[in-house]
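J.: Read in order, the letters of the sequence shown are residues 732 to 787 in the numbering used here. Backbone N, C-alpha and C define an ideal beta-carbon position, used for all residues, glycine too. One structure is given below, represented as structure tokens, and several questions about it will come after.
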Amino acid sequence: MPHTKHAICDFGLHKGEPYTKLPASFLTWMIATNHEKSKYASEELKRRETAAISRN
732 MPHTKHAICD FGLHKGEPYT KLPASFLTWM IATNHEKSKY ASEELKRRET AAISRN
């Protein structure tokens with residue numbers, strides 16, 4: 732699995748932004764359209780979910 736901590740989006744509206752800062756809606760779109768970098772999007776959403784659970 733790709734690690735998103737230092738990964739940077741290299742296309743579109745969010746080009747140059749780290750995956751950790753991308754909107755969830757954009758990450759979800761990447762997955763839904765089977766974008767070539769959808770694994771990064773999936774991994775980032777999982778990371779966020781884990782972080783949210785850990786805070787509770």
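Tell me which residues share the same chain as P733 and place their Cβ nearer than 7 Å to its Cβ, disregarding the 5 neighbours each side in the sequence.
T.: Residue numbering aside, residue 733 sits at position 2 when the sequence shown is read from its first letter. Closer than 7 Å at the Cβ level, and outside the excluded window around P733, lie K770, Y771, E774.
J.: Look up I784 in the DSSP assignment and give the residues it is bridged to.
T.: Numbered from its first residue, the sequence shown carries residue 784 at position 53. According to DSSP, which records beta bridges pairwise, I784 is partnered with nothing at all.
J.: Quick check on T751: buried or exposed, where buried means 16 or more other Cβ atoms within 10 Å of its Cβ?
T.: The residue labelled residue 751 in the question sits at position 20 within the sequence shown. By the neighbour-count rule (16 or more Cβ atoms within 10 Å), T751 is not buried but exposed.
J.: Over what stretch of residues does the alpha helix (DSSP H) that includes I762 continue unbroken?
T.: Translated into the one-based positions of the sequence shown, residue 762 becomes position 31. Run containing I762: 755-763, per the alpha helix (DSSP H) assignment.
J.: Assuming the contact rule is C-beta atoms closer than 8 Å, I762 and E748 should be a hit. Round their C-beta distance to whole Å, please.
T.: What you label residue 762 is simply residue 31 of the sequence shown in a count that begins at 1. What you label residue 748 is simply residue 17 of the sequence shown in a count that begins at 1. That pair is no contact at about 17 Å.
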